[in-house]
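Undergrad: Numbered per full-length UniProt numbering, the sequence shown spans residues 1 to 88.
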Amino acid sequence: MEDLSRAAGAASTLSKLVVRQQTREVLDHFGSCPECGYAANAFMNVTYYADGTATVTTRGTCGLPCGWSGPTEVTKMTGPTSPRVDFA
Numbered sequence: 001m002e003d004l005s006r007a008a009g010a011a012s013t014l015s016k017l018v019v020r021q022q023t024r025e026v027l028d029h030f031g032s033c034p035e036c037g038y039a040a041n042a043f044m045n046v047t048y049y050a051d052g053t054a055t056v057t058t059r060g061t062c063g064l065p066c067g068w069s070g071p072t073e074v075t076k077m078t079g080p081t082s083p084r085v086d087f088a
C-alpha cells in the first residue's frame with residue numbers, strides 16, 4: 001500500500017516539474033510605477049510543466065531605481081490593427 005501512495009505522490013510532483021521557463025518584455029506596455037508614478041516596464045513569464053500545462057504571469061518593474069517590482073496588469077499602448085483598405 002505504501003508503494004501506491006509513494007507512486008501517487010511522485011506523479012503529483014512530476015506534474016508540477018518545471019521543464020522550461022520563458023520571459024519576454026512586453027514592448028508596448030503602458031503603465032506606471034505604483035510607488036513613484038514613473039513609467040514601468042512589464043514582463044510576461046511563461047512556465048511550462050512536465051504534464052503539458054503552462055502558467056502565465058506578468059510582472060512589472062519601475063523604470064527608475066525606486067526599487068518597485070511586482071505583479072501588474074499589462075496595459076498595451078497599441079491594439080489590433082485595422083484591416084487595410086485600398087481606395088481605387
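Yeah, the Cβ is synthetic: ideal placement off N, Cα and C, and Gly gets one too.
Start and end of the beta strand (DSSP E) containing Glu35?
TA: Note, Glu35: premise wrong, no beta strand (DSSP E); not H, not E.
Undergrad: Does the distance from the CB of Met44 to the CB of Thr58 come in under 7 Å?
TA: In this structure, Thr58 lies closer than 7 Å to Met44 by Cβ.
Undergrad: State the DSSP-derived secondary structure class of Ala50, mapped to helix, strand or coil.
TA: In this structure, Ala50 counts as coil in the three-state DSSP scheme.
Undergrad: Tell me whether Phe43 sits in a helix, a strand or coil according to DSSP, three-state version.
TA: Note: Phe43 maps to strand in three-state DSSP.
Undergrad: Put Gly70 into one of helix, strand or coil per three-state DSSP.
TA: Of the three classes helix, strand and coil, the one that applies to Gly70 here is strand, per DSSP.
Undergrad: Nearest to Ser69 by CA position, among Ala50, Gln21, Asn41, Tyr48, is which residue?
TA: Comparing Cα positions, the closest option is Asn41.
Undergrad: For Val56, which beta-bridge partners are listed by DSSP?
TA: Val46, per the DSSP bridge assignment.
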